[in-house]
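Trainee: Sharing a structure with you now.
In this note's numbering, the protein residues as written are 37 to 698.
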């Protein structure tokens, strides 16, 4: 099996199938799956299902070429490309968002140079009928096809189109990637894959890094994607909307269903029910025949009939029952130790990353026993606030925990919190103290780490297994304050339900950061909505909050936030409220008028930009206007004008600020 570099392989528009033949993979002598065979067809979107740890991620890595199977092979069509999005990836880039996204196309310069070299060589040759000349023509044709596919003159606009679709704003594009959370960094990785247009996309839990609006944009993009997609996701709606086939991995075998996820669940239950009925019926027949044989075994008059039935049993093709995997985590949180009346107190809390203010002058109290949901669009500061409360991020203002508060913190980027070189057992053994040390193996068993599993290195665990291990660590020190940032990202549906049930029984204080509306329902009694650098408090659970906001779901919240994001910036005059000098007032009014005029101009230009971006970002539209490049030219023209307006606006603002300091 070969792993072809994505950016250096000719993208063929016509290919037949990828053939996965008799794949077997073992870890520590235990088969993860064996004898796996199936085909992936052209322009097909397939969902890969199975419980956490069943081997979904490993199978994707085998198909991508990252991991080699112990037995079997993956056969690729000629000249196809594969793009693989892992669940986890260490990102250390110092580039801006735009630079990092455009870095996916760094190979185009090499293609252009090679094309120019081949063109010059062909022009200088006269051996028109030779094999060497023919090979040069073929290579040049392939390179031209590549350049035609990527359209180098439109790369900037195409890149911005995808970044905007994934939730980035215009002013985000020039900010360093390192300023953004892991989830936003992974969005850039998604953008790079989509821009490279591989013939096969392998996506491992892409929605873990997206809010609802971006998930829907990705759905539309994948619906009209020209290649094939194999996706692992616990987002039922996404799978139902984009897939036409579901491949399940269960107990080391695969089952292929030609339906989306919900249809697969129904058909799976029907198959198991029919299989059980056939098994029970055959077992009844076998028992009847065995009773006949036993009763008449020693009667000469029945010898021929007995022998006939013995032969019948020997030749009978036995119906076997698939082993139904009912394994799921099972746990409850320890009783919460007593603590004071106030759990968390925040006074004038803020956080700035260089010139980007995320949160500003935040004030709130969380009382003992309260259950709070942090909601809002990605990038508004939910995870930032969670980290500040957990004490792992510096900040402005005061964040104070109450008397005897013991925090159990589950980070969104939990993979960074675990030591990849340690085993599962060592991970919990290093933290455990007291009597719990004698019960570590039993506790790990409740989180599905049994037998040799406890000796696995953290680095070989799946995303779901790492999440379960992180949850297990929460139980080692009895906490009275749980701070959970996207705890369901890597959990299967059964594990989500069990976690929710455990949280419902928890007697302490709780903050949960989540986009999972169903998970939050009935779990919290108060909602903190993060918006415009601040927090607004709502009483009730997430559905009562949505009703109060007159929203149908969290998607509408994100949509309204996007619309408000392009509103005009206003200038505060409170700093000059008590300024008495007439000359200063006159200059201030003049500057404000000029700024207001610039803001109106910028607003008008942004409205036009939004209209163009909406057309470019809609994967279902591909109008003649887009084909001709007219929209791209207008996009570039407006971008230049906006940059000039913003530069002048910033200069006037600086003058206004200097005036206010007098």
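Every residue, glycine too, gets a C-beta built ideally from N, C-alpha and C.
Looking at the secondary structure, which residues open and close the alpha helix (DSSP H) in which residue 164 lies?
Mentor: Element bounds for residue 164: n/a, residue is neither H nor E.
Trainee: Let me confirm a value: residue 607 is counted as buried when at least 16 other C-beta atoms fall within 10 Å, else exposed. Which label applies?
Mentor: Because residue 607 carries a pLDDT of 29, less than 50, the predicted location of this residue cannot be relied on, and the following value inherits that uncertainty. By the 10 Å Cβ count, residue 607 comes out exposed.
Trainee: Around the C-beta of residue 224, are 16 or more other C-beta atoms found within 10 angstroms, so that it is buried, or is it exposed?
Mentor: buried
Trainee: Just verifying my parser: in three-state terms, what is the DSSP assignment at residue 247?
Mentor: coil
Trainee: If you measure between the beta carbons of residue 560 and residue 408, is that distance less than 8 Å?
Mentor: yes
Trainee: Just list the residues that DSSP pairs residue 383 with in beta bridges.
Mentor: 434
Trainee: One question on the structure: do residue 563 and residue 521 come within less than 8 Å of each other, judged by their Cβ atoms?
Mentor: no
Trainee: Give me the DSSP bridge partner(s) of residue 572.
Mentor: 565
Trainee: Report, in whole angstroms, the separation of the C-beta atoms of residue 429 and residue 502, which I expect to be a contact under 8 Å.
Mentor: The Cβ separation is near 22 Å, so there is no contact.
Trainee: Which of the three DSSP states, helix, strand or coil, is assigned to residue 63?
Mentor: Strand, per DSSP.
Trainee: So the beta strand (DSSP E) residue 222 belongs to, where does it begin and stop?
Mentor: Residue range 218 to 232 is occupied by the alpha helix (DSSP H) that includes residue 222, with no beta strand (DSSP E) assigned at that position.
Trainee: Can you tell me whether residue 601 is helix, strand or coil according to DSSP?
Mentor: With a pLDDT of 42 at residue 601, under the threshold of 50, the predicted position of this residue should be treated as unreliable, and no value is reported.
Trainee: Nearest-angstrom Cα distance between residue 91 and residue 285?
Mentor: 7 Å
Trainee: Check whether the Cβ atoms of residue 93 and residue 68 lie closer than 8 Å to each other.
Mentor: no
Trainee: Do residue 508 and residue 444 have their CB atoms nearer than 8 Å?
Mentor: no
Trainee: Can you tell which of 471, 425, 372, 83 has the C-alpha that lies nearest to the C-alpha of residue 538?
Mentor: 372
Trainee: Distance check for residue 637 and residue 134, CA to CA, integer angstroms please.
Mentor: 25 Å
Trainee: Is there at least one non-hydrogen atom of the ligand NAD closer than 7 Å to the beta-carbon of residue 215?
Mentor: For the structure depicted, the ligand NAD is absent and the ligand set is empty, with no information on it obtainable.
Trainee: At which residues does the beta strand (DSSP E) containing residue 284 begin and terminate?
Mentor: 281 to 286
Trainee: Going by Cα to Cα distance, which pick from 272, 54, 483 is closest to residue 295?
Mentor: 272
Trainee: Exposed or buried, what is residue 195 when buried is set at 16 or more other beta-carbons lying within 10 Å of its beta-carbon?
Mentor: With 16 or more other Cβ atoms within 10 Å, it is buried.
Trainee: By the 10 Å Cβ neighbour count, where 16 or more other Cβ atoms means buried, how is residue 31 classified, buried or exposed?
Mentor: Nothing in the structure corresponds to residue 31, since the chain is present only between 37 and 698.
Trainee: So which of 570, 634, 206, 162 has the shortest CA-CA distance to residue 675?
Mentor: 206
Trainee: Please work out which residues of its chain come closer than 8 Å, Cβ to Cβ, to residue 66, disregarding the five sequence neighbours upstream and downstream, and give them in chain order.
Mentor: 488
Trainee: Taking three-plus beta-carbon pairs below 8 Å as touching, is the segment 120 to 135 in contact with the segment 233 to 250?
Mentor: yes
Trainee: Check whether the segment 346 to 356 touches the segment 464 to 481, taking contact to mean three or more Cβ pairs, one atom from each stretch, closer than 8 Å.
Mentor: no
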